[in-house]
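J.: 212 is the number that UniProt numbering gives to position 212 of the sequence shown; each next residue is one higher, with no gaps.
C-beta: ideal position from N, C-alpha, C; glycine also.
Here the structure is a predicted model, which is why all the values come from computation and not from measurement.
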Amino acid sequence: MGFVDDLVVPGSGPVVQVLSWIEQLCTGMNENQASCERLHRRLTYILDALQTMEGKSQLPASSSLDKYVGLVVKFLDYLKRYRGKKLAFRIIKQQQMQSEIQEIHRHIDLFLGELNLAKSTDWRQQSEGDQRLQHKLLMSMTQNSIAIKRELQQTRSQLEAMLTLQFEAAQEGRHGKEAMELIRSMMGTIVRSSNATVERLPPWYLPTEEIQFESTSFARGSFASTHYGTWGSTGVVVKRFHAGDIAADERVRQQVVAEIGMWYQCNHPYVIKLFGGSHVSAPPFLVCENATNNDMGSFLALSEANKKQMWRLMYEAALGLDYLHNKGVVHGDLKLTNILVGADGQAKLSDFGLRAIRAISTAGAGWSRCRAPEYLEGAPTFASDVYALGMCCIEGVTGQPPFAFLDEALAGLMPNKPIEMPTEAWELVESMVKTNPEDRLKLHEVVKKLEVFADTGGPAAVTFASSSRESPPGKTMLDLVVPGSGTVVRVLAKISQLCLKTKEDQEACRRLHRRLQDIFDELEKLEKKKGLPSSDALEMYVKVLAKTLLHLKRYKGKNLIARLIEHQTMMQKLRDINEEVDMVVNLLNLTESTRAQLEAMTMLKFEIETEHRRDQQNDRVMELLQSEMTTVDQQSIVIMDAELPPWFIPSDEIEFERQPFARGAYTSLHHGVWKLRNIVVKRFRAGHRVIDELENEMNLWYEFDHPNIIKMFGASHVSPPFIVCEDATNADLASFLARPESNQRRTWSLLYQAALGLEHVHNKQVVHGVLKLNKILVSADGHAKLSDFGVSAVWKSEDAILEEFGTLRWDAPECLTREPTFASDVYSFAMCMVEAVTCMPPFGYLGDETVREYLKAGKIMDKPDEMPDGAWDLVVSMTCVDPSKRISLSHVLVKLKELAEDEAELESQDTEPQTATIVPTNNIQDFLETMSVLELMAEISAGRETEEALRCLLRASINDEQRVRKCTK
Numbered sequence: 001m002g003f004v005d006d007l008v009v010p011g012s013g014p015v016v017q018v019l020s021w022i023e024q025l026c027t028g029m030n031e032n033q034a035s036c037e038r039l040h041r042r043l044t045y046i047l048d049a050l051q052t053m054e055g056k057s058q059l060p061a062s063s064s065l066d067k068y069v070g071l072v073v074k075f076l077d078y079l080k081r082y083r084g085k086k087l088a089f090r091i092i093k094q095q096q097m098q099s100e101i102q103e104i105h106r107h108i109d110l111f112l113g114e115l116n117l118a119k120s121t122d123w124r125q126q127s128e129g130d131q132r133l134q135h136k137l138l139m140s141m142t143q144n145s146i147a148i149k150r151e152l153q154q155t156r157s158q159l160e161a162m163l164t165l166q167f168e169a170a171q172e173g174r175h176g177k178e179a180m181e182l183i184r185s186m187m188g189t190i191v192r193s194s195n196a197t198v199e200r201l202p203p204w205y206l207p208t209e210e211i212q213f214e215s216t217s218f219a220r221g222s223f224a225s226t227h228y229g230t231w232g233s234t235g236v237v238v239k240r241f242h243a244g245d246i247a248a249d250e251r252v253r254q255q256v257v258a259e260i261g262m263w264y265q266c267n268h269p270y271v272i273k274l275f276g277g278s279h280v281s282a283p284p285f286l287v288c289e290n291a292t293n294n295d296m297g298s299f300l301a302l303s304e305a306n307k308k309q310m311w312r313l314m315y316e317a318a319l320g321l322d323y324l325h326n327k328g329v330v331h332g333d334l335k336l337t338n339i340l341v342g343a344d345g346q347a348k349l350s351d352f353g354l355r356a357i358r359a360i361s362t363a364g365a366g367w368s369r370c371r372a373p374e375y376l377e378g379a380p381t382f383a384s385d386v387y388a389l390g391m392c393c394i395e396g397v398t399g400q401p402p403f404a405f406l407d408e409a410l411a412g413l414m415p416n417k418p419i420e421m422p423t424e425a426w427e428l429v430e431s432m433v434k435t436n437p438e439d440r441l442k443l444h445e446v447v448k449k450l451e452v453f454a455d456t457g458g459p460a461a462v463t464f465a466s467s468s469r470e471s472p473p474g475k476t477m478l479d480l481v482v483p484g485s486g487t488v489v490r491v492l493a494k495i496s497q498l499c500l501k502t503k504e505d506q507e508a509c510r511r512l513h514r515r516l517q518d519i520f521d522e523l524e525k526l527e528k529k530k531g532l533p534s535s536d537a538l539e540m541y542v543k544v545l546a547k548t549l550l551h552l553k554r555y556k557g558k559n560l561i562a563r564l565i566e567h568q569t570m571m572q573k574l575r576d577i578n579e580e581v582d583m584v585v586n587l588l589n590l591t592e593s594t595r596a597q598l599e600a601m602t603m604l605k606f607e608i609e610t611e612h613r614r615d616q617q618n619d620r621v622m623e624l625l626q627s628e629m630t631t632v633d634q635q636s637i638v639i640m641d642a643e644l645p646p647w648f649i650p651s652d653e654i655e656f657e658r659q660p661f662a663r664g665a666y667t668s669l670h671h672g673v674w675k676l677r678n679i680v681v682k683r684f685r686a687g688h689r690v691i692d693e694l695e696n697e698m699n700l701w702y703e704f705d706h707p708n709i710i711k712m713f714g715a716s717h718v719s720p721p722f723i724v725c726e727d728a729t730n731a732d733l734a735s736f737l738a739r740p741e742s743n744q745r746r747t748w749s750l751l752y753q754a755a756l757g758l759e760h761v762h763n764k765q766v767v768h769g770v771l772k773l774n775k776i777l778v779s780a781d782g783h784a785k786l787s788d789f790g791v792s793a794v795w796k797s798e799d800a801i802l803e804e805f806g807t808l809r810w811d812a813p814e815c816l817t818r819e820p821t822f823a824s825d826v827y828s829f830a831m832c833m834v835e836a837v838t839c840m841p842p843f844g845y846l847g848d849e850t851v852r853e854y855l856k857a858g859k860i861m862d863k864p865d866e867m868p869d870g871a872w873d874l875v876v877s878m879t880c881v882d883p884s885k886r887i888s889l890s891h892v893l894v895k896l897k898e899l900a901e902d903e904a905e906l907e908s909q910d911t912e913p914q915t916a917t918i919v920p921t922n923n924i925q926d927f928l929e930t931m932s933v934l935e936l937m938a939e940i941s942a943g944r945e946t947e948e949a950l951r952c953l954l955r956a957s958i959n960d961e962q963r964v965r966k967c968t969k
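Right, here's the structure in full:
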């Protein structure tokens, strides 16, 4: 037997046998059988040619033989994925199936060229004929009601087919005209020939074919199994339910739809993001973000360092629970396994509000030892969630379930105090797990207690930390204690001493100390006149003192290089503490400055009408709020909306830096914090003409849930309006790729991810309109995320003023005279590809007027030297002057996926492991300029770590212009 006959397809056997198997598989490809058989014949022709060459001792290099095996593997994978699929699937995927077949043909052409062999067939002309025949056959099938009824016999399968077809019909940008004809034809036939009710497509619905997941689950519970999977190129978690046929009972089906819809609408940093799912598939499933650090119980058990984060994680979980309650959602199954820890180390609540699915679970529903006793007699409540959170605190501290025996939990007994739990923590837990739900501590009080624990690293005796609104009698300011540090007087003295050791940040630290000292002096004056204020103000003051002392201690004694590198972090922390000092001052003030009428009314409405917030206020406070609302309403000319938008966030929940890191004519960007989560706040100048349209735009953005789209947590449409988004800490894609070579090796994978985000935007019938590389951000986990879509009126005006080039170089020619379209987005994305590869804006150094003339004349830019031929061919097909002749985004995704896979393959061949280099962005040039080289060197000790720190420091001082210049050399 010769060498060619010994070629093996990994995991499948000898090539000769695999080709025989492929021939059999082709017979099951329905309307695609002829095109698949033609491709099989080409692969067989190559094998025969290789055997002939071997007989003449002219066998090519082993790398060429590996390429041939790769072509066989690709075709075999194609057949496995598409063989035997139902009609609805084949209609939806027909365009993609054809593209993949054509791509394999093109690779065969290249391979034949390398071997100097004839191409054996004119596959392009034959493909056109195949496509016409396939469309004709498929149209006939979609109109055959008997065949469709036979294929879709169950109500569930009919509903799934209808919803999947609706999903695809809503995404015209993904399909051509002929594909849309097939989709609409089959929808009409299903409606005419079945008993299925035509349901409205839920915004969260995802067809089964959109998701790939591992068959083996990594976790299995009483009502679902959990699997790792991918959606596009993003890692996700797929939860598959052990549920019966949800579609069989319309009442249950509608309840499930409502429950999933409620979760889908939740946008919060401490709640697991639901991307979508299907309630009519077999089995039903949900697709969620992947919390890579497992559940909280497992995370805490990993190390002592993790255990020390228990109270912070519990506080974050409480914030997430408070958010759900404010939305009117009861979790209903809170336990440590449903508190997950994300890649960022933050707690995230999961599996809430799914009572209907649990009720019809085919697996036995287990009883959690964290459930409140009243759960036996009825539905879960807000109070039962508080009970469950208390039990989670016990398990978090001990690493064991709260009760040794399930009977104790079912009997409603109080658990015994664990030895490991501090007394103050146990007092909190006791107040949360009382048998009578009415006696339990309210969640907002729990959140405040846990916040103190999180800030101080755990429970400690804090003076005036009781739940009473009044301070204990006989206590004075001189008795006030900062836990673990002594009296307030002593702590203020310590802070003063530490300020002297902060060197370059000394003035900022001393200003903070003076503010803290002034508050103490004012409290002493107040004590003599009226007595001490409420516990809330004193607790917050003590907390700020403890935080300031801890921060200055961490900073003390660090060498120059370490201080310079952490300078921005230091200043950020000082700003955060100053914001908390402002809150203390507000709590102590008797009056508050008057706000704009609309903002005042909106804030009052938020407090009064938010169900859970009402529970946080006593009756007297609610009466005062209602009275104030009536007064403002009568005196105001502002007309309030009947309901607050679901994305509304009160301005008092957001803390942000006063100094923006970017500014435009009508907006400014600020780093900030919301619920302990780092965010970006985009503030709009009041009175700008687009603010009237902002509410509609936010309704649109808020519903976008995709791993490759920047998450919008919420916004405020009252003066001054703002938007709260996730913080993509690795900057925009242009800056990210301009960094070291290791980042550039991910160019095509990041562009592919961005294109997936753009596809999702188009599927929602939204045009981006201002697409350029700095609108694609890179998150902390290295994923590309699309931003700034849907508010093009704002961004267009911003770009023209804020940036050197505006959007002209990325705009399609037709955008000179018309509004942007889906096709113009494809053109703009091609320009992003050019910019990503060259690290230069499109058209390079050509002036704007020259670029404008190019566009008017229908010219495209010259091919850059850095752009590979295959990628440039894609760019050309995306930038046709006639928008109707541009390649569709779905075809772009197929090609980008191949480029990303080729890039990953090249990366894997590199023996030296590569990691994306994240360069600090501290800007400390001003301080460096005040020091001589000798002074710098005097503070640098010998050793590689210090040298690395210095190099890191120098890189941090390079501005954007220098980075671009470096990249384009």
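Let's test the definition: count the other Cβ atoms within 10 Å of the Cβ of V489 and tell me whether it reaches 16, buried, or not, exposed.
T.: Taking the first residue of the sequence shown as position 1, residue 489 is located at position 489. Exposed.
J.: Determine whether the beta carbon atoms of C393 and M314 lie at a separation below 8 Å.
T.: For this step, residue 393 is matched to residue 393 along the sequence shown. For this step, residue 314 is matched to residue 314 along the sequence shown. Yes, these two residues count as a Cβ contact at 8 Å.
J.: Once DSSP output is grouped into helix, strand and coil, what is the label at N578?
T.: Residue 578 sits at position 578 when you count from the first residue of the sequence shown. Here N578 sits in helix by DSSP.
J.: Can you grab the Cα-Cα spacing for the pair L321 / H513, in whole Å?
T.: Position 321 of the sequence shown, counting from 1, holds the residue named residue 321. Position 513 of the sequence shown, counting from 1, holds the residue named residue 513. Going by the C-alpha atoms only, they are around 35 Å apart.
J.: Buried or exposed for S140, please, with buried defined as at least 16 other CB atoms from any protein chain shown within 10 angstroms of its CB.
T.: By one-based count along the sequence shown, residue 140 stands at place 140. So S140 ends up on the exposed side.
J.: By the 10 Å Cβ neighbour count, where 16 or more other Cβ atoms means buried, how is P721 classified, buried or exposed?
T.: Locating residue 721 in the sequence shown gives position 721, counting from the first residue. Counting Cβ neighbours within 10 Å, P721 comes out buried, since at least 16 surround it.
J.: Counting only the same chain and skipping the five closest in sequence on each side, list residues whose C-beta sits under 8 Å from that of D902.
T.: In the sequence shown, the residue the question calls residue 902 occupies position 902. So the qualifying residues of the chain are W748.
J.: Starting from the N-terminal side, write out each stretch of the beta strand (DSSP E) that is 3 residues or longer and does not extend beyond the region 210-271.
T.: Listed in chain order, the complete beta strand (DSSP E) runs (minimum 3 residues) inside the region 210-271 are 211-213, 224-231, 234-241.
J.: For E420, which residues from the same chain have a beta carbon less than 8 Å from its beta carbon, with the 5 sequence-adjacent residues on both sides left out?
T.: Taking the first residue of the sequence shown as position 1, residue 420 is located at position 420. Excluding positions up to five away in sequence, the list reads V397, T398.
J.: In three-state terms, what does DSSP make of H40?
T.: To locate residue 40, count along the sequence shown from 1; it is residue 40. H40 falls in the helix class under three-state DSSP.
J.: Would DSSP call C288 helix, strand or coil?
T.: Numbered from 1 along the sequence shown, position 288 holds the residue referred to as residue 288. Here C288 sits in strand by DSSP.
J.: Here's the rule I'm using: 16 or more other beta-carbon atoms within 10 Å means buried, otherwise exposed. How should Q765 be labelled?
T.: Your numbering for residue 765 matches position 765 in the sequence shown. So Q765 counts as exposed.
J.: Once you ignore the five residues that flank F3 on each side, which residues in its own chain have a CB closer than 7 Å to its CB?
T.: Stepping through the sequence shown from its first residue, residue 3 is reached at position 3. For F3, where only same-chain residues beyond five positions count, the Cβ hits under 7 Å are E54, L59.
J.: Taking only beta-carbon atoms, is Y45 less than 8 Å away from chain D?
T.: No chain D is present in this structure, which holds just one protein chain.
J.: Got a sec, what are the start and stop residues for the alpha helix (DSSP H) E655 sits in?
T.: For the purposes of this step, residue 655 is taken as the residue at position 655 of the sequence shown. Unbroken run through E655 is the beta strand (DSSP E), 654-656; no alpha helix (DSSP H).
J.: Which of helix, strand or coil does DSSP assign to C880?
T.: By one-based count along the sequence shown, residue 880 stands at place 880. It is coil, neither helix nor strand.
J.: Are N699 and V778 closer than 8 Å when you measure CB to CB?
T.: Taking the first residue of the sequence shown as 1, we reach residue 699 at position 699. Taking the first residue of the sequence shown as 1, we reach residue 778 at position 778. Going by C-beta atoms, N699 is not nearer than 8 Å to V778.
J.: Please classify Y845 as buried or exposed, where buried requires at least 16 neighbouring CB atoms within 10 angstroms.
T.: The residue given as residue 845 occupies position 845 in the sequence shown. That one is exposed.
J.: On a CA-only basis, which of Y82, K136, Y541 is nearest C36? Give me that one, please.
T.: Stepping through the sequence shown from its first residue, residue 36 is reached at position 36. That would be Y82, whose Cα lies nearest to the Cα of C36.
J.: Please identify the residue among S828, Q744, R174, T121 whose C-alpha is closest to the C-alpha of L906.
T.: Along the sequence shown, one-based indexing puts residue 906 at 906. Considering only alpha carbons, the answer is Q744.
J.: Please report how far the alpha carbon of P842 lies from the alpha carbon of A170, in whole angstroms.
T.: Locating residue 842 in the sequence shown gives position 842, where the first residue counts as 1. Locating residue 170 in the sequence shown gives position 170, where the first residue counts as 1. Cα-Cα distance, rounded: 32 Å.
J.: Please go through the region 703-783 and give each complete alpha helix (DSSP H) segment of 4 or more residues, from N-terminal end onward.
T.: Qualifying alpha helix (DSSP H) stretches, in chain order: 733-737, 741-744, 747-763.
J.: If you scan the region 111-149 from start to end, which runs of the alpha helix (DSSP H) of 4 or more residues do you find wholly inside it?
T.: Taking only runs of at least 4 residues, the alpha helix (DSSP H) segments lying wholly in the region 111-149 are 123-142.
J.: If you drop the 5 nearest sequence neighbours on each side, which residues of the same chain put their C-beta closer than 7 Å to that of L899?
T.: In the sequence shown, residue 899 corresponds to position 899, counting from 1. Answer for L899: W748, A871, listed in chain order.
J.: What does the alpha-carbon distance come out to for the pair M712 and W701?
T.: Sequence index remark: in the sequence shown, residue 712 carries index 712 (1-based). Sequence index remark: in the sequence shown, residue 701 carries index 701 (1-based). If you take the alpha carbons of M712 and W701, they lie about 7 Å apart.
J.: Compare the Cα-Cα distances from I495 to each of L549, P283, A301 and report the closest residue.
T.: Here residue 495 refers to the residue found at position 495 when the sequence shown is read from its first residue. With distances taken between Cα atoms, I495 lies closest to L549.
J.: Three-state secondary structure (DSSP) at D109?
T.: For this step, residue 109 is matched to residue 109 along the sequence shown. The answer is helix: DSSP assigns D109 an H, G or I state.
J.: Taking just the CA atoms, how far does A282 sit from R200?
T.: The residue given as residue 200 occupies position 200 in the sequence shown. The residue given as residue 282 occupies position 282 in the sequence shown. Rounded to whole angstroms, R200 to A282 spans 20 Å at the Cα level.
J.: So, at 6 Å on beta carbons, what are the nonlocal neighbours of G84 in its own chain, with the 5 sequence-adjacent residues on each side left out?
T.: As a working note, residue 84 is residue 84 in the sequence shown. If we look at G84 and ignore the five residues flanking it on each side, its Cβ neighbours are G28.
J.: Going by DSSP, what residues sit across from S278 in a beta bridge?
T.: Position 278 of the sequence shown, counted from the first residue, corresponds to residue 278. S278 pairs with F285.
J.: Taking C-alpha atoms, which residue in H717, D811, D882, R677 lies nearest to G342?
T.: Along the sequence shown, one-based indexing puts residue 342 at 342. For G342, the nearest C-alpha among the options comes from R677.
J.: Under the DSSP definition of a beta bridge, which residues are partnered with P14?
T.: Walking along the sequence shown from the start, residue 14 turns up at place 14. The partner list for P14 (beta bridge, DSSP) reads V8.
J.: Which residues mark the beginning and the end of the beta strand (DSSP E) in which N678 is found?
T.: Translated into the one-based positions of the sequence shown, residue 678 becomes position 678. Where N678 is concerned, the enclosing beta strand (DSSP E) stretches over 677-684.
J.: Express the C-alpha separation of N708 and R184 in angstroms, rounding to a whole number.
T.: Position 184 of the sequence shown, counted from the first residue, corresponds to residue 184. Position 708 of the sequence shown, counted from the first residue, corresponds to residue 708. R184 and N708: Cα-Cα distance of roughly 29 Å.
J.: Could you work out which residue in K785, L737, I679 is closest to D705 when comparing CA atoms only?
T.: On the sequence shown, position 705 is the one that residue 705 refers to. Out of K785, L737, I679, K785 has the C-alpha closest to the C-alpha of D705.
J.: As a quick exercise: from L855, H783, T838, pick the residue whose alpha carbon is nearest that of T807.
T.: Working through the sequence shown from its first residue, we reach residue 807 at position 807. If we check each option's Cα against that of T807, L855 comes out closest.
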